[in-house]
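Note that UniProt numbering has the sequence shown beginning at 1, numbered continuously upward. In this text, a Cβ means the ideal position worked out from N, Cα and C, and glycines have one as well.
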Amino acid sequence: MKNRVSRWLNNEQHLAYSILIPGCALVLVFAYLPAIQSLRFSFLRYNIKMPGAVKFIGLENYQKILADAVFWQTVGRVIYFMTVGGLLVMLLALGMALVLNQEFPGRALLRTLVILPWAIPPVVNGFLWKWILNGDYGALNGLLYQLGLIQEYQFWMANALAALSFAVMTFVWRYTPFITILFLGVLQSIPGELYEQATVDGAGALRRFWYITLPMLSNVGAIAIILTLIAAFTVFDDIVTLTGSYPTFYDATKTPMIYNYEMTFGMGRFGRGSAMAYLIGLLLFALTFFYIRMSLKKED
């Protein structure tokens with residue numbers, strides 16, 4: 001028996017099957033089957049609190065989601081989140097990558113420290129910024145008070161726009177290091193001879209950046225933008241931990257992902273929640289499609 005198994009595994013095709021089949025089975029059981037079940041739920045009036053009242057209603061769940069004013073409010077917030085957050089991440093990451101690409105004492109240590117915010121779990125990141133922004137004992141208030149810039153402690157999330165903007169800031173703080181590393185990897189691969197030749201030809205720092213650095217970063221930059229937009233669209237933990245204990249501002253920072261969680265697990269409306277999940281999935285599919293197109297373009 002042992003020899004038979006050994007001979008079977010010595011065949012490359014058999015070995016490949018023995019490695020792939022368990023993984024494919026796990027993906028099928030824990031990913032595709034739940035997705036199919038969720039698709040079935042999306043065509044039902046299914047509230048887990050009333051399991052006996054399940055009824056097939058076709059596309060009614062989708063129609064109600066598309067007519068839901070709260071859903072479109074969350075879409076508007078996430079568009080603001082993606083626009084402001086994406087722009088800040090790109091600009092800060094590019095600036096940090098350019099600095100880290102230079103020769104200076106302690107560069108290796110600084111490169112290591114830069115990645116720390118991204119390595120921190122999102123929940124920890126949200127609680128960290130919640131403590132920093134606290135209006136009673138927050139570190140930001142303490143610092144500004146010690147510097148004499150404020151006379152009394154401020155409640156920073158004083159309105160809906162401020163709460164959403166600070167939620168954006170927590171995302172920017174956490175995600176910028178990842179994009180910085182992507183940019184830095186490309187900058188490190190640019191031959192120094194290009195800059196030396198451009199300098200000899202009389203090109204200044206701005207012209208070298210415009211005609212050498214930016215074109216080299218263009219493909220990776222496009223991919224970085226798509227990745228940032230996807231990450232901003234799906235942000236969840238940071239916002240919930242930052243504003244979860246402030247009901248007014250929690251509603252003001254509610255995104256489609258958070259609203260979907262509330263609809264499904266808070267209200268128990270698995271049918272409508274599943275429909276919303278598929279609508280959100282279509283938006284993410286569009287962003288992922290552009291990401292794949294950019295990746296293939298980069299390889300070509």
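| Asked | Found |
| --- | --- |
| Proximity winner among L116, T241, Y291, V235, relative to T74 (alpha-carbon distances) | V235 |
| Residue(s) in a DSSP beta bridge with L44 | F56 |
| Span separating the alpha-carbon of L283 from that of L147 | 46 angstroms |
| Nearest residue (CA-CA) to F249, options V114, I239, M257 | I239 |
| Segment limits, alpha helix (DSSP H) that includes F233 | 214 to 233 |
| Endpoints, the alpha helix (DSSP H) within which I132 is located | 122 to 132 |
| Same chain only: Cβ atoms within 7 angstroms of F41, ignoring 5 sequence neighbours per side | F270, G271, S274 |
| Spatial neighbours of I178 in its chain, beta-carbon cut-off 7 angstroms, leaving aside the 5 residues before and after | The question names Ile, but residue 178 in the sequence shown is Phe. Contacts found: W118. |
| 8 angstroms contact criterion, which V78 and T255 should meet: CB distance rounded | 5 angstroms |
| Three or more C-beta pairs below 8 angstroms linking the stretch 205 to 219 and the stretch 175 to 193 | yes |
| Cα-Cα separation between L26 and P121, rounded to whole angstroms | 26 angstroms |
| Alpha-carbon to alpha-carbon, Y291 and I223 | 6 angstroms |
| According to DSSP, residues forming a beta bridge with R269 | N47 |
| Distance CB(A167)-CB(T253) smaller than 9 angstroms | yes |
| Cβ neighbour criterion (16 or more within 10 Å) applied to G221 | buried |
| Residue from L227, N219, T180 with nearest C-alpha to A97 | T180 |
| Where I115 falls, given that 16 or more other Cβ within 10 Å makes a residue buried | exposed |
| Integer-rounded CB distance, given that V70 should sit under 8 angstroms from Y259 | 7 angstroms |
| T83 classed as buried or exposed, judged by whether at least 16 other C-beta atoms fall within 10 angstroms | exposed |
| Contact check, W131 vs M169, beta carbons under 9 angstroms | no |
| Residues of its chain near A203, where Cβ-Cβ distance is below 8 angstroms and the 5 sequence neighbours each way are ignored | Y211 |
| Same chain only: Cβ atoms within 7 angstroms of D136, ignoring 5 sequence neighbours per side | Y153 |
| DSSP state of L187 mapped onto helix, strand, coil | helix |
| Burial state of F81 (16 or more Cβ within 10 Å) | buried |
| Simplified DSSP assignment, three categories, for N260 | helix |
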